[in-house]
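Enquirer: Okay, here's the structure, questions in a sec.
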């Protein structure tokens, strides 16, 4: 009934297995990839015909994490998986980016790739496994896919690269100083296609070494996919890219001169209008048959590409007249918004981001429910890209894949320089509002985010800047690397290469390739050119803010204290009675975790002090010989009980009240009276012994003992 094919290999410390032929047999390609005990099923289907008039490649990638894979039941009312999580969206993008350029040029049939996590061993991250499964499924599907690709994760510990580090090793990397890198690389047999990373000030050489290491490690995986395909791949789908060379020559003759003149405009709005007019002029000179040709859009795009790319490589001339390594003019401003905790406006040419920082308490931390467990995050970055930022009218909805991806890239770049939670116990939320865009708004978010947090008084380890690099690679091997690319250069170029970091090293690297990969030589040159650009941008940012800004009066103040874990119950009290009383009396917010770390938050310093003193009195131990101010709570025949240390009471014996004999303690004391007492110690049963007679009740100072009366020598 089943015609199964199964291939396995040892990959690092785990066994990688690819199997097909048993599940989802109606899909064009279906592969279950297993690494350790993490299994992901990838199913590929593609349409046999192109939709009429379609001028783009409709590839859709879905990645789904099923809770059953980790033996969990989803939370919420419906108890089923709902909309994609951030991790699912980011992984879908991760798979899409390296496979999209590898479909045969001109193929515009609809393609669907669905990756489903079936099992998760909590050791091997399913994102890498999903990409391998997707590549294998595409390779055996018969679709015109020029793969396969493979993927690997790389860590960097004690100067050594680590292949496929565990989920635990990569979890919350900021709190694990021994791990300095979380890098995912995808590539073909010959070249790298995609890079995504979170780093901790790695040098350019260390980062390039990690990429090269990953590319070497994926080679046996590519061989395994080829081995699988040789046994069970379907017949290749018969597809020939449409030949529109004649139409292109007509379009070129009609509009090359006008298109070159249009792209000579250095202002974006003028250039957009001029390009539109040039296209209209081309269309006006075409016949009805040519206007109805489905390849007209491709011919027009090719003309734009030839005009732009040719000038860049041959003449070193860019759209806006800059040199290849020149950064656009930068203006940085901070403290724009009066009521926010921190704000910055970062403008680089025609790209602008308004970034706002808000500081919160532990109550504002984000709960993240992941397959490998639940955890909290105290650093949030949200990126918004409204239509007006590019001068367009458009539908406004929730964040899409692009917004989530760009926000995560900026998050990765900035989190490496955040202070430790013990040093700065705040939840930090950044919101980047892109108000203008013409190239690399995600890197503007990095620069603006760094300035905004410094304006809010966040003690960053170092400022962070980011720059987007581009590549134009010609068929003859000539190429040009562009610093700080424009939107058109990104659209018509061959590479989008974003590098962010401090003066000391890289904190994030993201690369997407539209051709069949780039060589280490090109990447090395791009990294060096990006470093020069990054240092230039950091210098421009320094003009706006040379040191951390003052702490906003509107931000909550937070003080932390550590208490013994066996005292947590006493601070909370039965049913939370004690901690509620502390909050009510002091007016501060109090949060305590399982490790005994207490955060006390309030805009009012006196409220924090009051809560601190109340908690301290509960968890601290009184010191023998110390003097305390207390209150008489009960009077008995043999003395008085005084509440002197938080909830702790002690007995002042009648003989320790004054330096004279008293008939009854009530002769000098009454309930509710405030007195100063000295802790004499504890009796055999642990009872507290207090004394008043050696303490000046007016000042609280200890008095010298009175000398004993000497008998008369004459008697």
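Residue numbers (this note's numbering): 6 to 720. Glycine residues also receive a C-beta, built at the ideal position from the N, C-alpha and C atoms.
So what does DSSP say about residue 285, is it helix, strand or coil?
Expert: Helix, per DSSP.
Enquirer: What residue does the alpha helix (DSSP H) around residue 724 start on, and which one ends it?
Expert: Residue numbering for the chain in the displayed model covers 6 to 720; residue 724 lies beyond these limits and cannot be assessed.
Enquirer: Can you list, in chain order, the stretches of the alpha helix (DSSP H) that have 4 or more residues and sit fully within the region 7-35?
Expert: Listed in chain order, nothing qualifies, since the region 7-35 has no complete alpha helix (DSSP H) run of 4 or more residues.
Enquirer: Taking only heavy atoms of the ligand ZN into account, decide whether any of them is closer than 6 Å to the Cβ of residue 597.
Expert: Summarising the ligand content, the structure contains no ligands, and the ligand ZN is consequently not present.
Enquirer: Give me the residue from 99, 635 and 442 with the minimum Cα distance to residue 200.
Expert: Taking only the C-alpha atoms, the option nearest residue 200 is 99.
Enquirer: Rounded to whole angstroms, what is the Cα-Cα separation between residue 60 and residue 120?
Expert: Distance between the alpha carbons of residue 60 and residue 120 is about 26 Å.
Enquirer: Counting only runs that start and end within the region 392-469, where is the alpha helix (DSSP H) found for 4 or more residues in a row?
Expert: Fully enclosed alpha helix (DSSP H) runs of 4 or longer: 406-420 and 446-460.
Enquirer: Kindly indicate which three-state DSSP category residue 721 falls into: helix, strand or coil?
Expert: The displayed coordinates of the chain run from 6 to 720. Any statement about residue 721 would go beyond what the structure contains.
Enquirer: Could you tell me which of 270, 320, 404 and 259 sits nearest to residue 290, measuring between CA atoms?
Expert: Checked all of 270, 320, 404 and 259; the closest Cα to residue 290 is 259.
Enquirer: Take the Cβ of residue 79 as the centre, count every other Cβ of all protein chains shown within 10 Å, and call the residue buried at 16 or more, exposed below.
Expert: So residue 79 counts as exposed.
Enquirer: Thinking residue 546 and residue 456 are a contact (beta carbons under 8 Å), I'd like their distance in whole angstroms, please.
Expert: That belief holds up - the Cβ atoms of residue 546 and residue 456 are roughly 6 Å apart, short of 8 Å.
Enquirer: Tell me whether the region 580-595 and the region 615-623 touch, counting them as touching only if at least three CB pairs, one residue from each stretch, are closer than 8 Å.
Expert: The region 580-595 is in contact with the region 615-623.
Enquirer: Only counting runs of 4 or more residues, tell me where the alpha helix (DSSP H) segments fall wholly within the region 180-238, in order along the chain.
Expert: Runs of the alpha helix (DSSP H) inside the region 180-238: 209-222 and 224-237.
Enquirer: Does the region 361-370 come within contact of the region 428-436, defined as at least 3 CB pairs closer than 8 Å?
Expert: Yes, the region 361-370 touches the region 428-436.
Enquirer: Within 10 Å of its beta-carbon, does residue 410 have 16 or more other beta-carbons around it, so buried, or fewer, so exposed?
Expert: So residue 410 ends up on the buried side.
Enquirer: Do you know how far the Cα of residue 613 is from the Cα of residue 529?
Expert: About 52 Å.
Enquirer: Tell me which same chain residues have a C-beta within less than 8 Å of the C-beta of residue 607, skipping the five on either side of it?
Expert: Same-chain partners within the cutoff: 561, 562, 591, 592, 593, 594, 613 and 616.
Enquirer: Which full runs of the beta strand (DSSP E) of 3+ residues lie inside the region 658-719, going along the chain?
Expert: Complete beta strand (DSSP E) runs here, min 3: 679-687 and 693-696.
Enquirer: Report the CB separation of residue 155 from residue 226 in whole angstroms; it is logged as a contact under 8 Å.
Expert: Contact holds; Cβ gap of about 4 Å.
Enquirer: Can you tell which of 654, 127, 339 and 421 has the C-alpha that lies nearest to the C-alpha of residue 467?
Expert: Selected option, being the one with the closest Cα: 421.
Enquirer: Please decide whether residue 454 counts as near chain B, where near means a Cβ-Cβ distance under 7 Å.
Expert: Note that chain B does not occur in the displayed structure, where there is just one protein chain.
Enquirer: Measure the C-alpha to C-alpha separation of residue 194 and residue 107 and round it to an integer number of angstroms.
Expert: Their Cα atoms are separated by approximately 12 Å.
Enquirer: DSSP three-state label for residue 249, please.
Expert: Note: residue 249 maps to coil in three-state DSSP.
Enquirer: Nearest-angstrom Cα distance between residue 405 and residue 211?
Expert: Taking the straight line from one Cα to the other gives about 33 Å.
Enquirer: Since residue 4 is in the beta strand (DSSP E), which residue starts that stretch and which ends it?
Expert: With the chain covering 6 to 720 only, the question about residue 4 has no answer from this structure.
Enquirer: For residue 51, which residues of its own chain have a beta-carbon under 8 Å away from its beta-carbon, when the five flanking residues on both sides are left out?
Expert: Cβ within range, chain order: 33, 114, 115, 116, 117, 146, 148 and 242.
Enquirer: Threshold first: 3 residues or longer. Then list the beta strand (DSSP E) segments lying entirely within the region 629-659, N to C.
Expert: Runs of the beta strand (DSSP E) inside the region 629-659: 632-641, 644-650 and 653-658.
Enquirer: Quick check on the DSSP output: the alpha helix (DSSP H) that includes residue 146 runs from which residue to which?
Expert: Start and end: 131-146.
Enquirer: Quick one: any contact between the region 297-315 and the region 514-526, if contact means 3 or more CB pairs under 8 Å?
Expert: No contact exists between the region 297-315 and the region 514-526.
Enquirer: Do residue 488 and residue 330 count as a contact pair if the criterion is CB distance below 7 Å?
Expert: Yes. Within cutoff.
Enquirer: In this structure, what does DSSP give as the bridge partners for residue 48?
Expert: BP columns for residue 48 point to 35 and 119.
Enquirer: So, with DSSP's three-state summary, where would you put residue 340?
Expert: The answer is coil: DSSP assigns residue 340 none of H, G, I, E or B.
Enquirer: Assuming residue 234 contacts residue 144 (C-beta within less than 8 Å), just tell me the rounded distance between them.
Expert: Sure, about 5 Å apart at Cβ, within 8 Å.
Enquirer: Could you tell me which of 82, 205, 198 and 672 sits nearest to residue 511, measuring between CA atoms?
Expert: Ranking 82, 205, 198 and 672 by Cα distance to residue 511 puts 205 first.
Enquirer: May I ask you to verify whether the region 326-340 touches the region 481-498, counting CB pairs closer than 8 Å and requiring at least 3?
Expert: They touch, by the three-pair rule.
Enquirer: Look at the alpha carbon of residue 65 and the alpha carbon of residue 262, and state the distance between them as a whole number of angstroms.
Expert: Going by the C-alpha atoms only, they are around 37 Å apart.
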